[in-house]
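> Numbering (this note's numbering), first residue to last: 108 to 560. Virtual Cβ for every residue (Gly too), placed ideally from N, Cα, C. Computed from a prediction, not measured in an experiment: that's the story for all the values here.
(1) How many whole angstroms separate the CB atoms of residue 541 and residue 525, which I take to be in contact at a CB cut-off of 8 angstroms?
(2) Grab me the residues of residue 291's own chain with a C-beta within less than 7 angstroms of its C-beta, minus the 5 sequence neighbours each way, in chain order.
(3) How about residue 240 and residue 305: are their beta carbons less than 7 angstroms apart?
(4) Just list the beta strand (DSSP E) runs in the region 441-466, keeping only unbroken ones of 3 residues or longer that don't cross its boundaries, in chain order.
(5) From the DSSP output, read off the bridge partner residues of residue 139.
(6) May I have the straight-line CA-CA distance separating residue 317 from residue 131, to the nearest angstrom?
(7) Smallest Cα separation from residue 191: which of 397, 165 and 315?
(8) Take the Cβ of residue 401 as the centre, count every other Cβ of all protein chains shown within 10 Å, and call the residue buried at 16 or more, exposed below.
(9) Fully enclosed by the region 302-380, which alpha helix (DSSP H) runs are 4 residues long or longer?
(10) When the Cα atoms are used, what is the spatial distance from residue 363 to residue 246?
(11) Check this for me: beta carbons of residue 394 and residue 343, under 7 angstroms apart or not?
(12) Alpha carbon to alpha carbon, how far is residue 171 from residue 129? Give it in angstroms, no decimals.
(13) Smallest Cα separation from residue 491: which of 127, 212, 480 and 429?
(14) Distance check for residue 309 and residue 108, CA to CA, integer angstroms please.
(15) Can you tell me whether residue 550 is helix, strand or coil according to DSSP?
(16) Does DSSP put residue 285 in a helix, in a strand, or in coil?
(17) For the region 279-293 against the region 462-471, do three or more pairs of beta-carbon atoms, one drawn from each stretch, fall closer than 8 angstroms, so that the two count as touching?
(18) Report back the beta-carbon spacing between residue 452 and residue 483 to the nearest angstrom; my notes put them in contact at under 8 angstroms.
(19) Cutting at 7 angstroms between CB atoms, please list the residues of its own chain near residue 552, excluding the five before and the five after it.
(20) Would you give the residue range spanned by the alpha helix (DSSP H) that residue 480 belongs to?
(21) Using three-state DSSP, classify residue 238 as helix, strand or coil.
(22) If you measure between the beta carbons of residue 562 and residue 117, is that distance less than 7 angstroms?
(23) Using DSSP with H/G/I as helix, E/B as strand and the rest coil, what is residue 243?
(24) Which same chain residues end up closer than 8 angstroms to residue 276 when comparing Cβ atoms and leaving out the 5 residues on each side of it in sequence?
(25) Within the continuous beta strand (DSSP E) that includes residue 232, where are the two ends?
(26) Going straight from the alpha carbon of residue 409 to that of residue 234, what length do you get?
(27) Quick one, are the C-beta atoms of residue 298 and residue 225 less than 7 angstroms apart?
(28) Rounded to whole angstroms, how far is the Cβ of residue 168 from the Cβ of residue 176, which I believe are closer than 8 angstroms?
(29) Apart from the five residues just before and just after residue 478, which ones in its own chain have a Cβ nearer than 6 angstroms to its Cβ?
(30) Of the choices 436, 214 and 515, whose alpha-carbon is the least far from that of residue 230?
(31) Going by DSSP, what residue range makes up the alpha helix (DSSP H) through residue 207?
(32) Which value, in whole angstroms, describes the spacing of the CA atoms of residue 148 and residue 223?
(33) Have a look at residue 359 and residue 250 and give me their C-alpha separation to the nearest angstrom.
(34) Going by alpha carbons, who is nearest to residue 336 out of 323, 369 and 325?
(35) What is the residue span of the beta strand (DSSP E) that residue 561 lies within?
(36) Would you call the CB atoms of residue 263 and residue 406 closer than 7 angstroms?
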């Protein structure tokens, strides 16, 4: 299914409803209705077409969260263009690679970020672009599209070699968003506090599309600021919050009475993009009275699995595959292993990207008989819950034994005073590899001898 008919549930079906709130540069509050977002993106689409953008052309976006990112996404879908969102923390090496590889017509940015971009590519200032677009027609341009029409190229983290651009289609985003809105019961009555970056699939594919498909009200922030988080929650009173584990760790610092008041209104708190320690899951439930829903996804597949909204949210697991997702757990030969046995997760479904941009060899290596090889090591329980144990490339083989960093990290996080833990393997002359742990601790509570033992 194409995206525009789903967007129209809100852009046209809820045109007069307040859609978006965000802070203006002068700290005032900006609000936009769905109808205003429809008109803004229509005008921008006319301007982009006048500047030569055609279906299939790429347009890079190097911006913090702001309304212009939403304008670009909507206008791109209407024009059949391909948005290339770029992490604002990237600098010369990453930026040069992504912009050379994707070859966009231009990059839309802002004065605070423009200086980091390599020379030689047209730069369009987001605010100036919006101001110029205001003089364009508000009539819609709608280039015919279907589920296979590319919508975005999002680059992977590049843990091995240069990052690869995952080509995500309108059908990928539509399938993912519909599954979440229906599975999580999101409606126009919800209030979504958004602090995830829109250049990341968690913020773009999950957050933005749950908002657009459901017609709920979104408060958008440039970034998560833990010092201001309590005020944000108390002022906006959200029912939905999507975050990463580090955000939930910082929320645990709130006073108990404040946390309980926030939790009483928060019907759904979703964690993803990194493993959520079981200890954080338990402490959040105790402090906020709300059970975090941990889920699992990746750039190439959007969301694969999640703990159920109605049902057991099992700490330490990423839950059950979504209805449209098929999962196999395989050994090194590609044979399916039995429940309880670790193996690589392979997935298949309409949520999986079309391949890697201009990387046919990498695409061929990642797909096998229609199954996408995630590179993640996991275990399935007899009742279907999935537990991740780390990346295949992170596996530590020590003295012939397979050691999974996630298991060691979980043990360390159970120790008093350990706030964060990361385990890596280093070469060892005798064992081949040995694990080394890096921990962030509360010195007053941490007992190093006990942790080592």
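The short version:
(1) Stepping through the chain shown from its first residue, residue 541 is reached at position 434. Stepping through the chain shown from its first residue, residue 525 is reached at position 418. Contact flag wrong, Cβ pair sits at about 20 angstroms.
(2) As a first step, residue 291 must be located in the chain shown, where it is residue number 184. 375 and 416, listed in sequence order.
(3) Taking the first residue of the chain shown as 1, we reach residue 240 at position 133. Taking the first residue of the chain shown as 1, we reach residue 305 at position 198. Pairing residue 240 with residue 305 gives a Cβ-Cβ distance that is not under 7 angstroms.
(4) Runs found: 450-455.
(5) On the chain shown, position 32 is the one that residue 139 refers to. Looking at the DSSP assignment, residue 139 forms a beta bridge with 127.
(6) Indexing the chain shown from 1 puts residue 317 at position 210. Indexing the chain shown from 1 puts residue 131 at position 24. Approximately 24 angstroms, taken between the alpha carbons.
(7) Here residue 191 refers to the residue found at position 84 when the chain shown is read from its first residue. With distances taken between Cα atoms, residue 191 lies closest to 165.
(8) Counting from one through the chain shown, the residue named residue 401 turns up at place 294. Label assigned to residue 401: buried.
(9) At a cut-off of 4 residues, the continuous stretches assigned as alpha helix (DSSP H) that sit fully inside the region 302-380 are 316-321, 333-343, 352-358 and 363-372.
(10) On the chain shown, residue 363 is found 256 positions in, with the first residue counted as 1. On the chain shown, residue 246 is found 139 positions in, with the first residue counted as 1. Roughly 51 angstroms separates the two Cα atoms.
(11) Numbered from its first residue, the chain shown carries residue 394 at position 287. Numbered from its first residue, the chain shown carries residue 343 at position 236. Cβ distance not < 7 angstroms, so residue 394 and residue 343 don't count as in contact.
(12) As a position in the chain shown, residue 129 is number 22, starting the count at 1. As a position in the chain shown, residue 171 is number 64, starting the count at 1. So the alpha carbons of these two residues sit roughly 13 angstroms apart.
(13) Working through the chain shown from its first residue, we reach residue 491 at position 384. The option with the nearest alpha carbon to residue 491 is 429.
(14) Locating residue 108 in the chain shown gives position 1, where the first residue counts as 1. Locating residue 309 in the chain shown gives position 202, where the first residue counts as 1. So the alpha carbons of these two residues sit roughly 21 angstroms apart.
(15) Counted from its first residue, the chain shown places residue 550 at position 443. If DSSP states are grouped into helix, strand and coil, residue 550 belongs with coil.
(16) Stepping through the chain shown from its first residue, residue 285 is reached at position 178. If DSSP states are grouped into helix, strand and coil, residue 285 belongs with the helices.
(17) No, the region 279-293 is not in contact with the region 462-471.
(18) Within the chain shown, residue 452 is the residue found at index 345, counting from 1. Within the chain shown, residue 483 is the residue found at index 376, counting from 1. For a cut-off of 8 angstroms, the C-beta gap from residue 452 to residue 483 is around 5 angstroms, short enough to register as a contact.
(19) Taking the first residue of the chain shown as 1, we reach residue 552 at position 445. The residues are 523 and 524.
(20) As a first step, residue 480 is located in the chain shown; it is residue number 373 there, counting from the start. Run containing residue 480: none in the alpha helix (DSSP H); it sits in the beta strand (DSSP E), 478-487.
(21) The residue you call residue 238 lines up with position 131 of the chain shown. Residue state, collapsed to three classes: helix.
(22) Because the chain is modelled from 108 through 560, residue 562 falls outside the range shown and cannot be assessed.
(23) One-based indexing of the chain shown puts residue 243 at position 136. Looking at residue 243 - three-state DSSP - the assignment turns out to be coil, as it is neither helix nor strand.
(24) As a working mapping, residue 276 is identified with position 169 in the chain shown. Contacts found: 254, 255, 256, 257, 258, 460 and 461.
(25) Within the chain shown, numbered from 1, the residue matching residue 232 stands at position 125. Per DSSP, residue 232 belongs to the beta strand (DSSP E) from 230-232.
(26) As a first step, residue 409 is located in the chain shown; it is residue number 302 there, counting from the start. As a first step, residue 234 is located in the chain shown; it is residue number 127 there, counting from the start. Computed Cα separation, rounded: 30 angstroms.
(27) Residue 298 sits at position 191 when you count from the first residue of the chain shown. Residue 225 sits at position 118 when you count from the first residue of the chain shown. No, they are not a contact pair.
(28) Here residue 168 corresponds to residue number 61 of the chain shown, with the count starting at 1. Here residue 176 corresponds to residue number 69 of the chain shown, with the count starting at 1. The Cβ separation is near 6 angstroms, so the contact holds.
(29) Along the chain shown, one-based indexing puts residue 478 at 371. Excluding positions up to five away in sequence, the list reads 453 and 455.
(30) Along the chain shown, read from residue 1 onward, the residue named residue 230 stands at position 123. The candidate whose alpha carbon is nearest that of residue 230 is 214.
(31) On the chain shown, residue 207 is found 100 positions in, with the first residue counted as 1. Note, residue 207: alpha helix (DSSP H), 199-209.
(32) Sequence index remark: in the chain shown, residue 148 carries index 41 (1-based). Sequence index remark: in the chain shown, residue 223 carries index 116 (1-based). One C-alpha to the other measures close to 27 angstroms.
(33) Within the chain shown, the letter at position 252 stands for residue 359. Within the chain shown, the letter at position 143 stands for residue 250. Between the C-alpha atoms of residue 359 and residue 250 there is a straight-line separation of about 47 angstroms.
(34) Numbered from its first residue, the chain shown carries residue 336 at position 229. That would be 369, whose Cα lies nearest to the Cα of residue 336.
(35) Since the first and last residues shown for the chain are 108 and 560, residue 561 lies out of range.
(36) For the purposes of this step, residue 263 is taken as residue 156 along the chain shown, with counting starting at 1. For the purposes of this step, residue 406 is taken as residue 299 along the chain shown, with counting starting at 1. Yes; because the gap between Cβ atoms is below 7 angstroms, this pair is in contact.
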